[in-house]
Structures are given as C-alpha cells and as structure tokens.
Amino acid sequence: MGTLDVNQPLVSILITNYNYADFLGQAIDSALGQTYKNTEIVVVDDGSTDNSREVIEDYGNKIIPVFKDNGGQTSALNAAFSVSQGEIIFLLDADDIFLPNKVTEVVDLFMCNPSIDWVFNESAPISSEDLCNTDLEAVFQKISHTSSEVLPSKIDFRVNILNAELPNFTPSTSNLCFTRRILKKIFPLPEVEEYSGIAITDLYIKYLAVGLGIGYASTKNLGIFRLHNNNIYSTEGVVKKRKLFAEIHILSAYYMRLKFPTFSKLSKKLFSKGLATYLKLKSNESHYEYTIKQYMCNTYLIEKFEIACKTLYYWIRLISVDLV
Numbered sequence: 001m002g003t004l005d006v007n008q009p010l011v012s013i014l015i016t017n018y019n020y021a022d023f024l025g026q027a028i029d030s031a032l033g034q035t036y037k038n039t040e041i042v043v044v045d046d047g048s049t050d051n052s053r054e055v056i057e058d059y060g061n062k063i064i065p066v067f068k069d070n071g072g073q074t075s076a077l078n079a080a081f082s083v084s085q086g087e088i089i090f091l092l093d094a095d096d097i098f099l100p101n102k103v104t105e106v107v108d109l110f111m112c113n114p115s116i117d118w119v120f121n122e123s124a125p126i127s128s129e130d131l132c133n134t135d136l137e138a139v140f141q142k143i144s145h146t147s148s149e150v151l152p153s154k155i156d157f158r159v160n161i162l163n164a165e166l167p168n169f170t171p172s173t174s175n176l177c178f179t180r181r182i183l184k185k186i187f188p189l190p191e192v193e194e195y196s197g198i199a200i201t202d203l204y205i206k207y208l209a210v211g212l213g214i215g216y217a218s219t220k221n222l223g224i225f226r227l228h229n230n231n232i233y234s235t236e237g238v239v240k241k242r243k244l245f246a247e248i249h250i251l252s253a254y255y256m257r258l259k260f261p262t263f264s265k266l267s268k269k270l271f272s273k274g275l276a277t278y279l280k281l282k283s284n285e286s287h288y289e290y291t292i293k294q295y296m297c298n299t300y301l302i303e304k305f306e307i308a309c310k311t312l313y314y315w316i317r318l319i320s321v322d323l324v
C-alpha cells in the first residue's frame, strides 16, 4: 500500500483493555462518536477478570471484539493490528477518550500530506472523578476552546534518530496515529516471556516510526488522558517506576538492535539508560541478566567500552533523579 485512498481512507481505532470495565465504555463511545465515519473499532480484551467482556459484548456488531488469554499489552496490540484493515491506525488506551473531531483532523493531515507516516497530538489530563456522571459534550467543548491553536509542525527526525537523539515530541499511547505502511515494518511486536508484557509497546513503536518516516506533531488536545489510581507511571513508587523503565529500555534496545541494526546508536543509548537503572535497583533477576548478557555478546569491544561509559554516566545521574 503506497498511497492513501484519495476519498475517505478506512481508519482503524485499536483499543486494548485489561480490567478497565469501569472506563472502557467511555473509550468505545468516543471512538464510535467520531465525526469521521469510515472507521472500524477493534477492541481487544486481554483476559480481563472483571466484567469487561460483558461491556464489550453489549456493543454487538458496532465494534470488532477480540477476546484472548492474558498476554500483556504487547500481545494485545499484536492481536488488534492483525485483525485491523484500516489504512490509518489510531491507538486508544481503554481508560482514555477521543474528542469527537480527532479522527477528522488527523485524517485531514494525512490526506493533505500523503508522504507522512505518523501524526502525534496531545490530550488534556482530567481526573476520573470529573469524567463520571458528567456531560462529556461540555467537557469536549471546554477542551476545544482552551486548546492550542498553533499549527502542527512537520518533522523529519530520521537522521536525528540515527544519531541517537531522542525525540522530545512523542506523546503517550492514545495520542499516536500511524499509516498501516509504517506499522507493517514494525509489527508484529516482539512478545517476551517472563517480562511484564508492556515493555515492547509505545516507546518502541514511536521511536521506530519517527526513525523510519516523517510526520506531524501537534500540541492541540484531541483527547482526554484519564487520571486515576491505576495509571502506571503516575502512581507507582520510585522502585517500581525504575523497574518498569529498565525493562522497557533494555528490551526495546535489544530488539531494535536485532531487527533494525541501522538504529544501533539509538539502541546503545536506550540500553545504557536501562542498564544503569537496573543496576541502581541492585536486583538480580535471571531474565534481565540473560537479556543483558545476550545484548553485550553481540557488541564489539569498542561498543562495550562506550556502553560502560554511558551506563556509568546515567548511574551517577540517578543519584539525584528518579529516571534518566
């Protein structure tokens, strides 16, 4: 698929869910309520133990349901992408919400710029309490009236990524949109046993997409990021945050080097950040040790020295900060 449909390309909105039955309905409703109508909504339930399945089944043929055993977010994203058909792919976490005009605005950017492969936007953070038993239309209008009207910026960051410069414009999962052609280069995502199942997800996807194609980044809020007690990074203590950070960076680095060797500089930087964080935890877990050993075995002597220096630098920084 080299170009987008010149009329109205099919859009796939991929929702992955695990035990978010209390929030899932609002996420699905926001996908169904888009002003852009040529959409399919794929909802993957990753073995939830709450009543998520009942919530999903209530939508009947309005959505494409996928029920699977628990395998983590990586597995759920792979399942969602494999059944989707859209030329443009939107990711939506089950606890977040799209504004009604989001898909229309993003598709317009893709249609006016057929060479781009990704569009990133922002979301307004709102507490879960403020989203329950309320008129969401009023919330949408308030966000639209107060959101940035700055025009989105076209970005070609491919050379920067090759030189291990990290993009500072990559948002959270529900703000990521891609062409199918770019995601076909990245999917299926590596599924790794013994880890949490979320390591190879949005950081891996968005860094590779930015390294493989050009796109647009906007500061405009086109969604709602729900603040609640189960948000991973916002509620965990320092130790758990560092463990998750180490897992994401070590595994992302490992599979980037394995599958995309041209991004070796970026891989080494991410690996050094992850390794420093892991060492700071003073942990000794066999699956981490194995991945670290495998990574280092596939590096040249000069690269080992480079990684050691970077790791020491990040380890020292972690004395005064939680994450690097």
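Start counting the sequence shown at 1; every next residue gets the next number (UniProt numbering). Don't be surprised by glycine CBs; every beta carbon is placed ideally from N, CA and C.
Using the three-state DSSP reduction, which class does residue i fall into: helix, strand or coil?
{"i": "P152", "result": "coil"}
{"i": "Y216", "result": "strand"}
{"i": "I116", "result": "coil"}
{"i": "A199", "result": "coil"}
{"i": "T170", "result": "coil"}
{"i": "C309", "result": "helix"}
{"i": "V107", "result": "helix"}
{"i": "C297", "result": "helix"}
{"i": "L91", "result": "strand"}
{"i": "G223", "result": "strand"}
{"i": "E165", "result": "coil"}
{"i": "P261", "result": "helix"}
{"i": "residue 325", "result": "Absent from the model: residue 325. The displayed extent of the chain is 1 to 324, so no value can be given."}
For residue i, is the classification buried or exposed, using 16 other Cβ atoms within 10 angstroms of its Cβ as the cut-off for buried?
{"i": "T311", "result": "buried"}
{"i": "K243", "result": "buried"}
{"i": "K268", "result": "buried"}
{"i": "S283", "result": "exposed"}
{"i": "V11", "result": "buried"}
{"i": "N78", "result": "buried"}
{"i": "D69", "result": "exposed"}
Report the rounded CA-to-CA distance for residue i versus residue j, giving the unit in angstroms.
{"i": "I28", "j": "N113", "result": "28 angstroms"}
{"i": "S320", "j": "D22", "result": "38 angstroms"}
{"i": "K206", "j": "V159", "result": "15 angstroms"}
{"i": "T299", "j": "P190", "result": "21 angstroms"}
{"i": "K304", "j": "T219", "result": "39 angstroms"}
{"i": "L183", "j": "A209", "result": "8 angstroms"}
{"i": "I248", "j": "P171", "result": "16 angstroms"}
{"i": "P65", "j": "V139", "result": "28 angstroms"}
{"i": "H145", "j": "N221", "result": "10 angstroms"}
{"i": "K62", "j": "L203", "result": "30 angstroms"}
{"i": "P100", "j": "I88", "result": "17 angstroms"}
{"i": "I161", "j": "F263", "result": "7 angstroms"}
{"i": "E165", "j": "L266", "result": "7 angstroms"}
Tell me which same chain residues have a C-beta within less than 6 angstroms of the C-beta of residue i, skipping the five on either side of it?
{"i": "K154", "result": "Y216"}
{"i": "F226", "result": "It should be pointed out that residue 226 corresponds to Arg in this sequence rather than to Phe. Correct list, in chain order: D95, D96 and S128."}
{"i": "T277", "result": "R242, F245 and A246"}
Between residue i and the rest of its own chain, which residues show a CB-CB distance below 7 angstroms, the 5 nearest in sequence each way excluded?
{"i": "I198", "result": "G72, Q73 and T74"}
{"i": "L251", "result": "V192, Y195, A199, I200 and T291"}
{"i": "N175", "result": "F120, N121, E122, S123 and G223"}
Under 8 angstroms Cβ to Cβ from residue i, same chain only, skipping five residues before and after it: list those, please.
{"i": "K185", "result": "L208 and L212"}
Can you round the beta-carbon distance between residue i and residue j to whole angstroms, since I take them to be within the 8 angstroms contact cut?
{"i": "Q8", "j": "N38", "result": "4 angstroms"}
{"i": "D45", "j": "F81", "result": "At roughly 16 angstroms, the Cβ-Cβ gap does not stay under 8 angstroms, so D45 and F81 are not in contact."}
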